[in-house]
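Only one structure is covered here, and it is reproduced in the block below.
Residue numbers (the numbering used here), protein chains in the order written: chain A, 21 to 330; chain B, 39 to 417.
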């Protein structure tokens, strides 16, 4: 079979499209993990964010409003983790599982209630950059012709990398995860730092879900994430706070999914289950081969902080 | 001196009230959930009192209690699997994978095995299959935990996805019923399924579930193995210093946990369903989660709670339909219960409201301590 330029371009587009939701959500999860808050329920936040974005864009026609709705939904759902775990000190994994169930359940129920009969789809996002940019070879169609969220996401990745390692608030975030008592001792607020980091995680997971629904799938279907939330946690864990590693893993995931999709167009028939499973198999292999894969996680992860408690 | 007396008096008072506190700690969330849930039902235009009465009638009266018992069996087994892992401070969240994979293969090969082998031998072989497959799903997370310190919270969830994928592949491939185009396994004939207990419609699979509850209670509270598990949960570091071989105990606990969930699948397939569809998952893990913690990880305390929940499920499924409500209403009750428990847990830190739902084991969860390089003595 001939590999044409158009096919290569389509492959690149698929890589980027699949990598972006993971990158966005993992950025948020990474910041909250570094602050010591593990959200096991990212999957639920992705779904609720995706649904809110889909519903908003379907009604208003605006993709940016959709992203905003996704972020708000993410904040609201992840807010329960802040209230119950960061403020009230409840076990993060139990609450995280609650978030997972709630996000999954609410998004499915609302979809069944309002959209199940019509199953509407969204159109393509309008181009927003001048033609001379979108007509550049390769970069044009792959980056500039895409929705602005792509560039914003890349920008955010750079900013978060700088924030986490080069700024004072970023240092506070990492101390909250490494040794919260130290942050407390120097006058920082563990609760406030963790709450902010967790809410940021909610924003990013909501936006990630929105990206998936609005720009990758072009619609919402209940349970459409198929475990992307768990890959997000694994990605943030493997990256351990380093945004470069995060980008590499997200791109690797994109290549994997795009290859799986491409294979379905060829003579080789690969069951969809195998394609859905592949990222998990690869992730577990990477975790297994990476001898200290847990070492990127801060010691105080998933523990609640009580002043003076030992 | 007076200060000492004062402290003693207060301790005595707390001690006297501790039994009542335990009851409060369990009863308050349940009562609150019933009240909040009732308010929700009223909001949806249903009559809460009538709904609850129907739940009790349908779940207990007549054949109801027998159906409830059948529903309770797999729930109990999954709960046992979670309890043993949680007591060791290990978050085995691969319950979907263990259940679905074991269920698919058991349902797939049962029609052949049950028809050709003698009954007891066939059941023994199928039990072995269920135990092995259930355990296999938690093997990878356990292995990753001891070799690279990867948190099992994450790896068990990912392994679960792989296992569900494999199960679906099997059901659509080698295990599919050739007689139908629907992706499902062959149906096990009624006469080949587990027999009913004499005089009832309750299949024999309920018996091992309750026996295992007692056995688990004995082993966890009365044996050296159980003590080692509790030590590991309370403090991995202390366990290492006390001579517990963490790198062996972690896989052991994870494998037992997965195997118990595999048995739940076995009981369900041989006793209740007789076949398995692709993409089917009863979601037992999440359903028992609140009750596992409400029972403070005690198998004996979990049994009545889960039996009660089974009554609620059995009666509620029909009662919800009668009231014109979506079946998801029953899941909302679980979320309400979890929220009530979390709130009571927060209050319990200020006021004497009995002991935490999370025994020292899970309360002090620190998977960082289980990293390879922090446990030199263990190697």
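Cβ coordinates follow ideal geometry from the N, Cα and C atoms, glycine included.
Distance check between residue 353/B and each of 60/B, 98/B, 338/B places 98/B closest, using alpha-carbon atoms only. In this structure, 144/B is the residue among 172/B, 144/B, 117/B with its C-alpha nearest to the C-alpha of residue 311/B.
Among the residues of chain A, those whose CB is under 7 Å from the CB of residue 200/B are 297, 300, 301, following chain order.
With contacts defined as CB atoms closer than 8 Å, residue 119/A and residue 229/A fail to qualify as a contacting pair. Around the CB of residue 383/B, 16 or more other CB atoms lie within 10 Å, so the residue is classed as buried. When C-beta atoms of the stretch 239 to 246 of chain A are compared with those of the stretch 166 to 185 of chain A, fewer than three pairs fall below 8 Å, so the two segments do not count as touching.
Counting C-beta pairs with one atom in each stretch, the stretch 219 to 229 of chain B and the stretch 91 to 105 of chain B have fewer than three that are closer than 8 Å, which means they do not touch.
Counting the other Cβ atoms within 10 Å of the Cβ of residue 166/A gives 16 or more, which makes it buried. Counted as a single uninterrupted DSSP element, the alpha helix (DSSP H) harbouring residue 299/B occupies residues 284 to 305. Within chain B, no C-beta atom comes less than 8 Å from the C-beta of residue 53/A; the nearest is roughly 11 Å away. Within the stretch 240 to 257 of chain A, those residues whose Cβ lies closer than 7 Å to any Cβ of chain B are, in chain order, 247, 250, 253, 254, 257. Residue pairing by DSSP places residue 223/B opposite 214/B in a beta bridge. Under the three-state reduction of DSSP, residue 199/A is assigned to coil, being neither helix nor strand.
Shown in chain order are the members of the stretch 377 to 397 of chain B whose Cβ falls below 8 Å from a Cβ of chain A: 377, 380, 381, 383, 384, 387, 396. Under the DSSP assignment, residue 124/A falls in the alpha helix (DSSP H) whose first and last residues are 112 to 134. Going by DSSP, residue 136/B is part of the alpha helix (DSSP H) stretching over 133 to 154.
Contact between residue 304/B and residue 122/B is absent: CB atoms are separated by about 18 Å, not below the 8 Å threshold. Excluding residues up to 5 positions away in sequence, 41, 70 lie with their Cβ nearer than 6 Å to the Cβ of residue 232/A in the same chain. Boundaries of the alpha helix (DSSP H) harbouring residue 157/B: 157 to 186, taken from the DSSP string.
Going by C-alpha positions, residue 302/A is about 22 Å away from residue 172/B.
Only 324, 327, 331 from the stretch 313 to 343 of chain B bring a Cβ to less than 8 Å from some Cβ of chain A. Between residue 68/A and residue 47/A, the CB-CB gap reaches or exceeds 8 Å.
Look at residue 87/A here: in three-state DSSP terms it is helix.
Within chain A, no C-beta atom comes less than 8 Å from the C-beta of residue 215/B; the nearest is roughly 18 Å away.
In this structure the stretch 278 to 291 of chain B does not lie against the stretch 362 to 375 of chain B, because fewer than three pairs of beta carbons, one per stretch, are closer than 8 Å. Using a CB distance below 9 Å, the part of the stretch 117 to 130 of chain A facing chain B consists of 117, 118, 120, 121, 122, 125, 128, 129, ordered along the chain. Within chain B, the C-beta atoms nearer than 7 Å to that of residue 104/A come from 380, in chain order.
Across the structure, residue 151/A and residue 33/A are spaced so that their CA atoms are roughly 18 Å apart.
In terms of beta-carbon proximity, residue 150/A stays away from the interface with chain B, with every pair separated by 8 Å or more.
Sequence-distant partners of residue 201/A (beyond 5 residues in either direction) whose C-beta falls short of 7 Å from its own C-beta are missing from its chain. Put simply, the CB of residue 199/A is far from chain B, with every gap to its CB atoms at 8 Å or more.
Of all alpha-carbon atoms in 113/A, 26/A, 31/A, 78/A, the one lying nearest the alpha-carbon of residue 62/A is that of 113/A.
Nearest C-alpha to residue 207/A among 170/A, 90/A, 327/A, 256/A: 327/A. Judged by DSSP in its simplified three-state form, residue 234/B adopts strand. Taking all protein chains shown into account, residue 106/B has 16 or more neighbouring C-beta atoms within 10 Å of its C-beta and is therefore buried. At a cut-off of 8 Å between beta carbons, residue 75/B makes no contact with chain A.
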